[in-house]
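S.K.:
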Amino acid sequence: MSTIQARTPGRTLTRRRGTALLLGGCLVLGLAACAIPDGPVTPGTRPNQPTAVVTPTFNPETDPARLALPLASVPAYRPATPNADGWTTNAMTDAPGDFTWRVVDAAGKPVTDYKPGDTVAFGDPQTYTKVPGVLVFRGNNARSAPAYGTAEVKDARLQVVWTQDTGEVRGDGSYWPGAGWTGQPLLVNWPEATRKAMGYAEEFANDPNFTEVIYPTFTGVIYRLDLATGKQTRAPIATGCGYKGTGSIDPRGYPLLYTGQGLNDMDGVNCPWQYRIFDLIQNKQVAGWSGSDPAAPRKDWGAFDSSALVNAASDTLLEPGENGIVYKAKLNAKFDPAAKTVSVDPQLTRMEYRTPSSAKFGIESSAVAYRNLMFASDNDGNLICWDANTMAVVWVRDIGDDSDASMVLEETPDGVFLYHGNTLDKRMPGSAEQVTNLRKINALTGQLVWEYKVPTLNDQPNNGGLLGSPLLGTGEISDLVIFNVSKTTSLKEGDLVALDRTTGKLAWKRHLKRYSWSSPVQITSTTGKAYGLVTDSGGTMHLFDPNTGVDLSTLSLGKNTEASPAVYGNMIVVASYARRIWGIKIS
Numbered sequence: 023m024s025t026i027q028a029r030t031p032g033r034t035l036t037r038r039r040g041t042a043l044l045l046g047g048c049l050v051l052g053l054a055a056c057a058i059p060d061g062p063v064t065p066g067t068r069p070n071q072p073t074a075v076v077t078p079t080f081n082p083e084t085d086p087a088r089l090a091l092p093l094a095s096v097p098a099y100r101p102a103t104p105n106a107d108g109w110t111t112n113a114m115t116d117a118p119g120d121f122t123w124r125v126v127d128a129a130g131k132p133v134t135d136y137k138p139g140d141t142v143a144f145g146d147p148q149t150y151t152k153v154p155g156v157l158v159f160r161g162n163n164a165r166s167a168p169a170y171g172t173a174e175v176k177d178a179r180l181q182v183v184w185t186q187d188t189g190e191v192r193g194d195g196s197y198w199p200g201a202g203w204t205g206q207p208l209l210v211n212w213p214e215a216t217r218k219a220m221g222y223a224e225e226f227a228n229d230p231n232f233t234e235v236i237y238p239t240f241t242g243v244i245y246r247l248d249l250a251t252g253k254q255t256r257a258p259i260a261t262g263c264g265y266k267g268t269g270s271i272d273p274r275g276y277p278l279l280y281t282g283q284g285l286n287d288m289d290g291v292n293c294p295w296q297y298r299i300f301d302l303i304q305n306k307q308v309a310g311w312s313g314s315d316p317a318a319p320r321k322d323w324g325a326f327d328s329s330a331l332v333n334a335a336s337d338t339l340l341e342p343g344e345n346g347i348v349y350k351a352k353l354n355a356k357f358d359p360a361a362k363t364v365s366v367d368p369q370l371t372r373m374e375y376r377t378p379s380s381a382k383f384g385i386e387s388s389a390v391a392y393r394n395l396m397f398a399s400d401n402d403g404n405l406i407c408w409d410a411n412t413m414a415v416v417w418v419r420d421i422g423d424d425s426d427a428s429m430v431l432e433e434t435p436d437g438v439f440l441y442h443g444n445t446l447d448k449r450m451p452g453s454a455e456q457v458t459n460l461r462k463i464n465a466l467t468g469q470l471v472w473e474y475k476v477p478t479l480n481d482q483p484n485n486g487g488l489l490g491s492p493l494l495g496t497g498e499i500s501d502l503v504i505f506n507v508s509k510t511t512s513l514k515e516g517d518l519v520a521l522d523r524t525t526g527k528l529a530w531k532r533h534l535k536r537y538s539w540s541s542p543v544q545i546t547s548t549t550g551k552a553y554g555l556v557t558d559s560g561g562t563m564h565l566f567d568p569n570t571g572v573d574l575s576t577l578s579l580g581k582n583t584e585a586s587p588a589v590y591g592n593m594i595v596v597a598s599y600a601r602r603i604w605g606i607k608i609s
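Residues in the sequence shown are numbered consecutively from 23, following the working numbering.
1. When the Cβ atoms of the region 509–517 are set against those of the region 561–572, are three or more pairs found closer than 8 Å?
2. Whose C-alpha, out of 64, 103, 437, is nearest the C-alpha of residue 471?
3. Classify residue 148 as helix, strand or coil using the three-state DSSP reduction.
4. Is the beta carbon of residue 609 closer than 8 Å to that of residue 176?
5. At which residues does the beta strand (DSSP E) containing residue 216 begin and terminate?
6. From residue 245 to residue 184, what distance separates their C-alpha atoms?
7. For a quick check, are the C-beta atoms of residue 440 and residue 410 less than 8 Å apart?
8. What span of residues does the beta strand (DSSP E) with residue 395 cover, start to end?
9. At the level of alpha carbons, what is the spacing between residue 134 and residue 116?
10. Should residue 240 and residue 264 be called a contact, given that it needs their Cβ atoms to be closer than 8 Å?
11. Could you please give me the residues that DSSP links to residue 407 through a beta bridge?
12. So, residue 610 versus residue 180, is the Cβ gap smaller than 8 Å?
13. Let me know the secondary structure DSSP gives residue 322 once reduced to three states.
14. Three-state secondary structure (DSSP) at residue 107?
15. What are the boundary residues of the alpha helix (DSSP H) that residue 88 is part of?
16. Once DSSP output is grouped into helix, strand and coil, what is the label at residue 334?
17. Which residue's Cα is closest to the Cα of residue 452: 426, 479, 461?
18. Counting only the same chain and skipping the five closest in sequence on each side, list residues whose C-beta sits under 6 Å from that of residue 368.
19. How big is the Cα-Cα spacing for residue 588 and residue 103?
20. Does the region 66–74 come within contact of the region 85–100, defined as at least 3 CB pairs closer than 8 Å?
21. Can you give me the C-alpha to C-alpha distance between residue 261 and residue 538, rounded to a whole angstrom?
22. Mind checking whether residue 343 and residue 385 have CB atoms under 8 Å apart?
23. Report buried or exposed for residue 65, applying the criterion of at least 16 other Cβ atoms within 10 angstroms of its Cβ.
24. Determine the DSSP secondary structure at residue 95, reduced to helix, strand or coil.
25. Could you give the C-beta distance for residue 431 and residue 487, rounded to a whole number, given that I count them as a contact under 8 Å?
26. Taking the beta strand (DSSP E) that residue 529 falls in, what are its first and last residues?
27. Would you call residue 356 buried or exposed, if buried means 16 or more other Cβ atoms sit within 10 Å of its Cβ?
28. Could you tell me which whole beta strand (DSSP E) segments of length 3 or greater appear in the region 186–272?
29. Can you list, in chain order, the residues of its chain with a C-beta nearer than 8 Å to that of residue 132? Leave out the 5 residues immediately preceding and following it.
30. So the beta strand (DSSP E) residue 296 belongs to, where does it begin and stop?
31. Expressed to the nearest angstrom, what Euclidean distance is found between the alpha-carbon atoms of residue 58 and residue 548?
32. Do residue 558 and residue 523 have their C-beta atoms within less than 8 Å of each other?
33. Do the region 154–174 and the region 382–397 meet, that is, are 3 or more Cβ pairs less than 8 Å apart?
34. Roughly how many angstroms lie between the CA atoms of residue 505 and residue 90, to the nearest whole one?
35. Suppose the cutoff is 6 Å on Cβ atoms and the five residues either side in sequence are ignored; what does the same chain contact list for residue 248 look like?
36. Taking 8 Å as the cut-off, decide whether the C-beta atoms of residue 76 and residue 338 are in contact.
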């Protein structure tokens, strides 16, 4: 079979053309009849299935000074040992050896007297933003809200409402059509003052229900579209440098877009790596910094796939880079709606770290945050926890292999927990267990709570394993966490795995005839019924019952859809390798 080149997170790879071809001749608007049929479901047990839906309470506090945890109060905290050149050392969690970290300046020289400025701490995920929509990858600092609002669902059917052509680009020996991993669109119902300042046509400027789709794509074009109709709301922002990850909208409703560049070879033209900040009034880039950072331990790759978190109360952005630097930026953002101006002047703090397994460096996952504690996993098989204030690394756990999927965080009366999974990358055939490790980890201790292993195939250099973020169920599926594991029974296939959040035991397992890197989404109806949504590498969008894993309906999006959908009410938006952004209605 002939091949084309594409990139998986962190490397150049060969993807077989079969994942990118039109399915059975299906064209353009994606007829449901052309979609890949449902796979078998293996049932398990649900001992903790809720008998009634309880609306969870949350703490409305957003003052970082009241939220920040003293590090000495964190159970995993241990006094660290200062060393030469600004490095500080501490012991790994449940593994031999030490980890080290230090704060460095723009030249990579140690900053031994670093003192944090404003206190940085996030509140409950519901307080991440007051702006309606999905403003960051998976919606908030816990990465637990890829859908906003509820949907009126009667027939459980999917219908294409509009499409937007996106084009394609080639580079690094690869083919980049539409949008890819993680590639989630941003959906935002702007505050009135922002909407009035933005320069829209009257049909958008005067409509309080107007919701905008903002979508950075592979071709370097950032589309701005009306969620309801797909009409362009402003001219696209054409930067000429491609985007692979997911951007972030300022949670204060400021007209600022933060997004990292994922491609540097655009049809043979070099685009130097940058993290970019856009003024959405002027529709242009106004700030940013280089991914080819002299301070970075990784010199060969400077992409930014992580979707930054912005702590609104402290005016601070946090963004891990694939170059091995964790960035904290004091934004100095100012928005004057009356003058129709916005400005930003980021001042950077850089942190680097080392572990016994550090060799490649770089974080592709999007960080999650609990108060002032940040968590992310990296290409070398480390899960790290660091303090957003001092930038000190609090604990590090060896997770056995590369991990690109963003975690999801949950706070319960029993504690604060992370749901995580790795890929099969460093563990070559014959050298170790050929499994994806799905885990629940105590966020405050770093200790393992439970583990579930899924047999997985190593398809170098194209990873098998968990590439999509877990779905943390709410309402009637609040006992479940759903993982999307690729390349399980064959190199083309995969499995959705629903586990009991308390015990880690199987609730159900659903086979996919085409594997998926996309992150599953829960859609909640106005009646409280839960629906699951996931796309796959065959281009099929599956609407399924998350209680059982069984498909309710499907829709073909033409080609591989590895991007993660975002949902606002009844509308779903995602882009596929068919070189289109799709606006889809659930009814």
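Here a beta-carbon is modelled for each residue, glycine too, at the ideal position from N, C-alpha and C.
Fair warning: this is a prediction, and the values are worked out from it, not measured in the lab.
M.R.: Judging by the given coordinates:
1. no
2. 437
3. helix
4. yes
5. Note, residue 216: premise wrong, no beta strand (DSSP E); alpha helix (DSSP H) at 214–219.
6. 14 Å
7. no
8. For residue 395, the enclosing beta strand (DSSP E) stretches over residues 395–399.
9. 29 Å
10. yes
11. 397, 417
12. Since the first and last residues shown for the chain are 23 and 609, residue 610 lies out of range.
13. Coil.
14. helix
15. 86–89
16. helix
17. 479
18. 309, 351, 353
19. 44 Å
20. no
21. 29 Å
22. yes
23. exposed
24. helix
25. Not confirmed; about 20 Å, so no contact.
26. 528–534
27. Per the 10 Å Cβ criterion, exposed.
28. 190–193, 196–199, 208–210, 234–238, 243–248
29. Sequence-distant partners of residue 132 (beyond 5 residues in either direction) whose C-beta falls short of 8 Å from its own C-beta, in its chain, are 107, 108, 109, 124, 125, 126.
30. Start and end: 296–301.
31. Since pLDDT at residue 58 reaches only 46, below the 50 mark, its modelled position is unreliable, and the value read off the structure follows with that caveat. In a straight line, the C-alpha of residue 58 is about 29 Å away from that of residue 548.
32. no
33. In short, these stretches touch, since the Cβ pair count reaches three.
34. 31 Å
35. Excluding residues within five positions, the ones whose Cβ falls inside 6 Å are 255.
36. no
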